[in-house]
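Chains as they are written, first to last, in our numbering: chain A, 248 to 491; chain B, 2 to 242.
Below is one structure, written out as structure tokens; the observations come after it.
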């Protein structure tokens, strides 16, 4: 039975897993979980994962959640000496990858997601723009994360660990692309970031990168989907909580 | 030059790194960074970690931040017992799964509870509005439920029969709201039994030593000079209120 990956490419962590599996030629069945219709809350998906999030991997009878865990599992299981750079065996290089993968949860990922929600989702649900103060604050946080990324994690290196791309760069790019999908050009006036993005795109291959990001770049179609699937009412309390 | 670890035991990730190093007899210089006094914003510490968070380590000329990265580095370098970070693919994946989930799960909710109950009233001079407190408690309870049901389940420890980095990282985070006076173990038999096993594996003395500071928080915060803590006001307004 081939590997199953439960994915929705609206989701940043789904994109990193998708890109990695494709790039490293790991065969898998793409099991679509339609987040915009709330499929993750359905009974069937609940049997796959009680956490009700994507991505999820099923390898035989082994089910695994959390993209960072999935990526490491795949890198380890299917890796070759040529592909070592994705998750290097070298102690210090691996530590650098782990450092980024740990930091990013509550920083780049949290801040990029928030800006995405504020720009693309909340206005649909509440019918009005996010209050300026809150939007400014969210943008400030994202700006700071991008600054830390450029100054600490890249710091004049071509990729996070140095000469070669790793899981860290992959996880970084998919998160940065989330707010970009709402029409926010984060690369403008950030030449270091832009140059790194170009290098990452080249390493991954433009066709694969674009394929993975097609959905998020088309996020304007979400409002209609939400309305069609009763997601507006469902998401209201969640939005309320975000502002608490 | 000895391994230097920059720590403040008020911080959950500092406790896990501290306990891990001590338990595995890894010698290090304990470099205190007093977080509530803002020492992480000083010039010296900025050279160790420009993100200005603890823990951070300096091993020769190699500086590293992020407790999870640090513990994996130490586990590998000092060849600690396999169970901490098992070589077996699936067991290791279970540990990684927990370590990834916990950042925005228990860590975020437990930390928030500590701030809402103790630090914010002290610094801002007001109690946190009830709806915010209730919301935070709900989130914390959701995380604890998931820990009991999914991550521990029917196993003695998160990865199975033996303690690992996952249990260590879990316990230090769960102890944070406990330090604020919230007994999260009450009424949670499975969690309590797991806690007892984890404590027994770590060793009661080491566990208590690491948690002495946080468990004395209520008293300590009461006696703190809130005027010295005003540096945290903007962060509080932005994150919590």
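Glycine included, C-beta positions come from ideal geometry on N, C-alpha and C.
Quick caveat, the model's predicted, so the values are computed rather than measured.
- With respect to residue 49 of chain B, residue 7 of chain B sits close: the two C-beta atoms are nearer than 7 Å.
- Take the alpha-carbon of residue 315 of chain A and the one of residue 80 of chain B: they are about 23 Å apart.
- The C-beta separation of residue 170 of chain B from residue 237 of chain B comes to about 25 Å, leaving the pair out of contact by the 8 Å criterion.
- The DSSP-derived three-state label of residue 7 of chain B is strand.
- Residue pairing for residue 312 of chain A: DSSP places it in a beta bridge opposite A:303.
- Runs of the alpha helix (DSSP H) spanning 4 or more residues and lying entirely within the segment 109-164 of chain B occur at 109-115, 121-125, 131-147, in chain order.
- Following the DSSP letters along the chain, one finds residue 277 of chain A inside the beta strand (DSSP E) bounded by residues 275-279.
- Taking 7 Å as the CB threshold, residue 350 of chain A lines the interface with chain B.
- Proximity to residue 36 of chain B across B:27, B:25, B:56 peaks at B:56, based on C-alpha coordinates.
- In the same chain as residue 106 of chain B, and ignoring 5 residues on each side of it, the C-beta atoms closer than 6 Å to its own belong to 144, in chain order.
- DSSP, reduced to helix, strand and coil, places residue 432 of chain A outside both helices and strands of the structure shown, so it counts as coil.
- DSSP links residue 32 of chain B through a beta bridge to B:7.
- For residue 329 of chain A, the closest of A:271, A:427, A:360, A:308 by C-alpha to C-alpha distance is A:271.
- Among the residues of the segment 328-339 of chain A, those with a Cβ less than 9 Å away from any Cβ of chain B are 338, 339, in the order of the chain.
- Of all residues in the segment 89-103 of chain B, only 90, 91, 94, 97, 98, 101, 102 place a beta-carbon less than 7 Å from a beta-carbon of chain A.
- Unbroken beta strand (DSSP E) runs of no fewer than 3 residues, entirely contained in the segment 49-75 of chain B, are found at 57-60, 63-66, following chain order.
- Residue 415 of chain A is outside the set of residues whose beta carbon lies under 7 Å from a beta carbon in chain B.
- Residues of the segment 174-192 of chain B with a C-beta less than 7 Å from any C-beta of chain A: none at all.
- Neighbours of residue 105 of chain B in chain A, taken as residues at a C-beta separation under 9 Å, are given in chain order as 352, 353, 356, 357.
- Residue 114 of chain B is classed as buried because its beta carbon has at least 16 other beta carbons within 10 Å across all chains shown.
- Within 8 Å of the CB of residue 43 of chain B, no CB atom of chain A is found; the nearest one sits about 17 Å away.
- Beta-carbon to beta-carbon, residue 27 of chain B and residue 65 of chain B are separated by about 14 Å, too far to satisfy the 8 Å threshold.
- The beta carbon of residue 164 of chain B sits closer than 7 Å to those of 84, 158, 199, 202, all from its chain and outside the five residues before and after it, given in chain order.
- Residue range 250-254 is occupied by the beta strand (DSSP E) that includes residue 250 of chain A, with no alpha helix (DSSP H) assigned at that position.
- Partner residues in a beta bridge of residue 180 of chain B, as assigned by DSSP, do not exist.
- Judged by beta-carbon spacing, residue 211 of chain B lies within the 7 Å limit of residue 19 of chain B, meaning their Cβ atoms are closer than that value.
- 309, 311, 312, 313, 315, 316, 319, 320, 323, 324: these are the residues of the segment 307-328 of chain A whose beta carbon lies less than 7 Å from some beta carbon of chain B, given in chain order.
- Within the segment 397-408 of chain A, the residues whose Cβ lies closer than 8 Å to any Cβ of chain B are, in chain order, 398, 399.
- Annotation for residue 21 of chain B: the continuous alpha helix (DSSP H) segment containing it runs 13-24.
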